[in-house]
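Written below as structure tokens is the structure these notes are about.
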Amino acid sequence: MGTTPEWMQVLEFGVICAAAMLLLDAITDREPLAWPNLVATALSSLFVGMFSVFRWRVLHGGIAVLFFGVLLLAFGTGYVLRRARKRAESLQR
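To get the working numbering, take the position in the sequence shown, counting from 1, and add 519.
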């Protein structure tokens, strides 16, 4: 499942990736920052951190279950956000 230093690297890469995504969102100023956006950012950055530290080992063993769970949650959150945004746009028209 990985050692403690590897998981610390996952957190470091995740925080760096999350900071970069939040900075890009702030620069583009597309929409206000809401909790679903923060959840999607946290899950996506955890996904990137796991893949960058464990590389292809992330697809083997017990860590694969965690990896694919995070991946499904990230896509699910994005899907829900997209549907909510489309629903809000259709109500405004």
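Glycine included, every Cβ here is placed at the ideal spot set by N, Cα and C.
Boundaries (first-last residue) of the alpha helix (DSSP H) holding Met540: 523-547
Under 8 angstroms, do Ile560 and Leu541 count as touching if we go by C-beta distance? In the sequence under discussion, the amino acid at residue 560 is Thr, which differs from the Ile named in the question. Against a cut-off of 8 angstroms, the Cβ pair of Leu541 and Thr560 comes out as a contact.
Please confirm whether Val589 and Leu565 have their CB atoms less than 8 angstroms apart. yes
Exposed unless 16 or more other CB atoms sit within 10 angstroms - verdict on Gly568: buried
Separation of Ala545 from Leu600, as counted between CA atoms: 18 angstroms
To the nearest angstrom, report how far apart Leu530 and Arg612 are at their CA atoms. 42 angstroms
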